[in-house]
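Down below is the structure, laid out as structure tokens.
Number of protein chains: 2
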Amino acid sequence: MLFAITPSGEEKSAAAMGMRRSFLAREIICQQGDTAECVYRLGHGVVMLYQILQDGRRQIVDVLDAGDYFGFGDGNVQDCFAETLTDCEITVWRIREAQSCPVWCEGFSRGVQRKLGAMHDHVTLLGKKTALERVSSMLMRLVRECAGRVCRGAPPSGYATRIHDLHMSRQEMADYLGLTLETVSRAISQLKRDGLIELPRPSQIVIKDPCRLCRLAVLH
Amino acid sequence: MLFAITPSGEEKSAAAMGMRRSFLAREIICQQGDTAECVYRLGHGVVMLYQILQDGRRQIVDVLDAGDYFGFGDGNVQDCFAETLTDCEITVWRIREAQSCPVWCEGFSRGVQRKLGAMHDHVTLLGKKTALERVSSMLMRLVRECAGRVCRGAPPSGYATRIHDLHMSRQEMADYLGLTLETVSRAISQLKRDGLIELPRPSQIVIKDPCRLCRLAVLH
DNA sequence: CGCGACCTTGATGATGATCAAACAACGTGG
DNA sequence: CCACGTTGTTTGATCATCATCAAGGTCGCG
């Protein structure tokens, strides 16, 4: 499904020409190696970006939330696959047109700058953290109340019963965290044994003790 | 040394207000936790970005070349230390002023987009590659002739005698690659034993067989 | 009910970390 | 110029974490 936004009036600028597209869960948006003509912005849903090496090893390099831009590379070719994890709303621009629009560029600059900071944190996770720290850090992404970095104050009342959806299989979490699915499973089991989390079902999680989880995650 | 560029006339645009600064090797440009008012662009030289966790673990999250922008975070606070590895020329902008200038934003967008693609590759390195592959990949950075990704054609004549400076200690390479200095040293020794490289001195390297090195690096 | 996909748990093994010592490079001062 | 100390690198021996291999368990669905 592909349709143009018809901007209501103040519409000269090429940047507003973005196309809205809807995707179901588990659809591929673009492929590593595609000629990179487009930039994307995730409006709603969850998307993962991954690279595949010749021998088949897969690394999930990022998991995107609403507001994130994607579609990068060396300028000519997409460097990643992008695949939806949930139903998604995505805006697509032709990169040449978008980049010539100042308003668009400013929003893009801020978005990509923020993303780059998040990538730095993920690099530190992959380079220095233990398996348990990695899994804890990933789960802390779910704790939005912690404002991304510092866990200030107590979690909101009722938080200890809130159910989060993970959206990823153990294999996908493993490919994201630089581990194997078994190691991810073991870490999750340990967190459950220690009472930090509960799993109503394998793909859902309740975070009973976000503060202790935050400490385990070592979010500098 | 700090002096303003005095733009000769077209003095309206905030973007032109960047300050040029010179740094010697091994100077710290900005610190993790600093309030993030500035964005930087490396004009000449080599800079590393690193994060430090509470317990002292250090991860070098990026090594920058001429043209790269840096100075990121969650919008308020620098997420990294930035330290020069060589003498450097750097341009500094107040982020608020710069971001309001369309011309600046366009250049920044492109730069950061390219950098994000490079970070994806580095995440894949950290998440999936073996020690030898990591070290080989790092050394391939030195082979500019390979255009970053694909090693097309033969290296230029005389390349097998060209001496590259590494600029980093074994410990720094290790902190960049998610390894220990011993493992880095062993990988380098193996590449030397196998005739892929030579080390006129520990901090200098000659790449005798860039094609074989490229294959070892598994640059997807 | 039974099949398939995914997850958990256990046993074993390999890669890279840690611990330790020798070696090389470099600068300083006698 | 050479002894000397400092710093960084290489190499070896051992260890731990996580990967691999394997089996059993849970859940959903035809």
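Each protein sequence line maps, in turn, to chains X and Y.
For the first sequence, position 125 matches number 125 in the numbering used here, and the numbering has no gaps at all.
With the second sequence counted from 1, adding 220 to any position gets you the numbering used here.
Note that the Cβ used here is the ideal one computed from N, Cα and C, for glycine as well.
What you are looking at is a predicted structure, and each value in this text was computed from that prediction instead of being measured.
Name the chain X residues whose beta carbon is nearer than 7 Å to that of residue i?
i, result
"Y/C325", "P102, C105, E106, S109"
In this structure, does DSSP put residue i in helix, strand or coil?
i, result
"Y/D282", "strand"
"X/L166", "coil"
"X/S100", "coil"
"X/R149", "Residue placement at X/R149 is flagged as unreliable, the pLDDT there being 46, under the threshold of 50; the coordinate-derived value follows with that caveat. Reduced to three states, the DSSP call for X/R149 is coil."
"X/H220", "coil"
"Y/V426", "strand"
"X/C214", "helix"
"Y/S242", "strand"
"Y/R361", "coil"
"Y/L416", "coil"
"X/T84", "strand"
"Y/V266", "coil"
"Y/T381", "helix"
"Y/E309", "strand"
"Y/Q410", "helix"
"Y/M277", "Per the sequence shown, residue 277 of chain Y should be read as Arg rather than Met. Reduced to three states, the DSSP call for Y/R277 is coil."
"Y/A234", "In this prediction, Y/A234 has a pLDDT of 47, which is less than 50 and means its spatial position is unreliable; what the coordinates show is noted afterwards. Reduced to three states, the DSSP call for Y/A234 is helix."
"X/F108", "helix"
"Y/G293", "strand"
"Y/T400", "coil"
"X/T35", "strand"
Pull up the CB-CB distance for residue i and residue j, whole angstroms please, since I reckon it's below 8 Å.
i, j, result
"X/Q59", "Y/V343", "6 Å"
"Y/S329", "X/C105", "5 Å"
"X/Q32", "X/Q54", "With 8 Å as the limit, X/Q32 and X/Q54 do not qualify as a contact, their Cβ atoms being about 12 Å apart."
"X/L166", "X/Q190", "Not really, about 17 Å apart at Cβ, beyond 8 Å."
"Y/C300", "X/H220", "Going by Cβ atoms, the distance from Y/C300 to X/H220 rounds to 10 Å, so no, they are not a contact pair."
"Y/T377", "Y/A437", "The question names Thr, but residue 377 of chain Y in the sequence shown is Ser. That belief does not hold up - the Cβ atoms of Y/S377 and Y/A437 are roughly 23 Å apart, past 8 Å."
"Y/T266", "Y/D285", "Here the sequence assigns Val to residue 266 of chain Y, which means Thr is not the residue at that position. That belief holds up - the Cβ atoms of Y/V266 and Y/D285 are roughly 7 Å apart, short of 8 Å."
"X/L102", "Y/P322", "For clarity, residue 102 of chain X is Pro in the given sequence; the question names Leu instead. With a Cβ gap of about 3 Å, X/P102 and Y/P322 count as contacting."
"X/I28", "X/E97", "At roughly 24 Å, the Cβ-Cβ gap does not stay under 8 Å, so X/I28 and X/E97 are not in contact."
Counting only Cβ pairs nearer than 9 Å, list the residues of chain X close to residue i.
i, result
"Y/L273", "T124, K128, K129, V218, L219, H220"
Can you list the residues of chain Y that residue i reaches, using a CB-CB cut of under 8 Å?
i, result
"X/V184", "Those within 8 Å of X/V184 in chain Y number zero; the least Cβ separation is about 13 Å."
Residues of chain X with a CB under 8 Å from the CB of residue i: which are they?
i, result
"Y/Q279", "V123, T124, G127, K128"
Residues within the region 298 to 319 of chain Y neighbouring chain X, beta-carbon criterion of under 8 Å:
Listed in sequence order: D299, C300, Q319.
Contact between the region 88 to 106 of chain X and the region 187 to 196 of chain X: three or more CB pairs below 8 Å?
Under the 8 Å Cβ criterion, the region 88 to 106 of chain X does not count as touching the region 187 to 196 of chain X, having fewer than three qualifying pairs.
Counting only Cβ-Cβ distances shorter than 9 Å, please list the residues of the region 156 to 169 of chain X near chain Y, keeping chain order.
From the region 156 to 169 of chain X, no residue has a Cβ closer than 9 Å to chain Y.
Residues, ordered as in the chain, of the region 114 to 143 of chain X that lie near chain Y by beta-carbon distance below 9 Å:
Within the region 114 to 143 of chain X, the qualifying residues are R114, K115, L116, G117, A118, M119, H120, D121, H122, V123, T124, L125, L126, G127, K128, K129.
Evaluate contact between the region 350 to 359 of chain Y and the region 128 to 145 of chain X, counting only Cβ atoms and requiring at least three cross-stretch pairs below 8 Å.
The answer is no - the region 128 to 145 of chain X does not touch the region 350 to 359 of chain Y, with fewer than three Cβ pairs under 8 Å.
Can at least three beta-carbon pairs, one atom from the region 100 to 116 of chain X and one from the region 375 to 386 of chain Y, be found at a separation below 8 Å?
The region 100 to 116 of chain X vs the region 375 to 386 of chain Y: no contact.
Report yes or no: do the region 35 to 51 of chain X and the region 88 to 108 of chain X share at least 3 C-beta pairs separated by less than 8 Å?
Output reads yes: the region 88 to 108 of chain X touches the region 35 to 51 of chain X.
In the region 393 to 424 of chain Y, which residues sit with their C-beta less than 9 Å from some C-beta in chain X, listed in chain order?
Listed by position, the residues of the region 393 to 424 of chain Y near chain X (Cβ gap below 9 Å) are D395, Y396, L397, G398, L399.
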